[in-house]
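Student: Here it is: the structure, laid out below.
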Amino acid sequence: MELADILAPERISLDFAASSKKTLLEKTAALLSTGTDSAHARAIFDSLCQRERLGSTGLGHGVAIPHGRVEGQAAVSGALVRLNTGIQFDAPDNEPVELFFALAVPARCTDVHLRLLAGIAERFGNDDCRQRLRTATSADAVMKIISEAPPGTEPD
């Protein structure tokens, strides 16, 4: 499963203003639950918060990958949020985070969950990819960037 397969333009938010981790996680839960009811959005939010309590999903370089396993989640869903100003997210480099790729995964999809996290970390570990995402002007531009293999890698 490729990252572009789980992301859609309607689950991309560019230049969102968030003053806290809670506000950011509420926004990502809302995006991840697009097309479902508010109870499902709350379940996603609770799952993201529960995972953050175990330890920050901040990777460094201004990137975090909030993720959670959600009962009742029918399929893997991804959302990308770019903040207009980074927030503290307890990343290992202590830098503010402004790029978030969030995942909501069905509760029993452990292998898929881990493979996707590795793919996100690889993609967002690439300086060129991060810079392009920081300057993308539309959701379609973000989708194009996410669809491309980072320089120095071969597509599957």
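Following full-length UniProt numbering, the numbering of the sequence shown begins with 1 at its first residue and continues without gaps.
Just so it is clear, CB atoms sit at the ideal spot from N, CA and C, and this is done for glycine as well.
1. Would you list the residues sitting across from residue 82 in a DSSP beta bridge?
2. Pull the bridge partners of residue 113 from the DSSP assignment, please.
3. What residue range does the beta strand (DSSP E) around residue 25 cover?
4. In angstroms, rounded to a whole number, what distance separates the CA positions of residue 134 and residue 35?
5. Where does residue 153 sit, in a helix, a strand or coil, going by DSSP?
6. Comparing alpha-carbon positions, which option in 120, 97, 105, 8 lies nearest residue 15?
7. What are the uninterrupted segments assigned as alpha helix (DSSP H) that are 4 or more residues long and contained completely in the region 123-152, given in chain order?
8. Given this structure, state the Cα-to-Cα distance separating residue 75 from residue 94, to the nearest angstrom.
9. Please go through the same chain and pick out, in chain order, the residues whose beta-carbon is closer than 8 Å to the beta-carbon of residue 121, but skip the five residues on each side of it.
Tutor: If we stick to the structure as given:
1. Residue 82 pairs with 14, 99.
2. In the DSSP output, where bridge partners are listed per residue, residue 113 has none listed.
3. Unbroken run through residue 25 is the alpha helix (DSSP H), 21-32; no beta strand (DSSP E).
4. So the alpha carbons of these two residues sit roughly 27 Å apart.
5. Bear in mind that the predicted position of residue 153 carries a pLDDT of just 46, short of 50, making it too unreliable to give a figure here.
6. Among 120, 97, 105, 8, the Cα nearest to that of residue 15 belongs to 97.
7. 127-135, 139-147
8. Going by C-alpha positions, residue 75 is about 33 Å away from residue 94.
9. Closer than 8 Å at the Cβ level, and outside the excluded window around residue 121, lie 59, 65.
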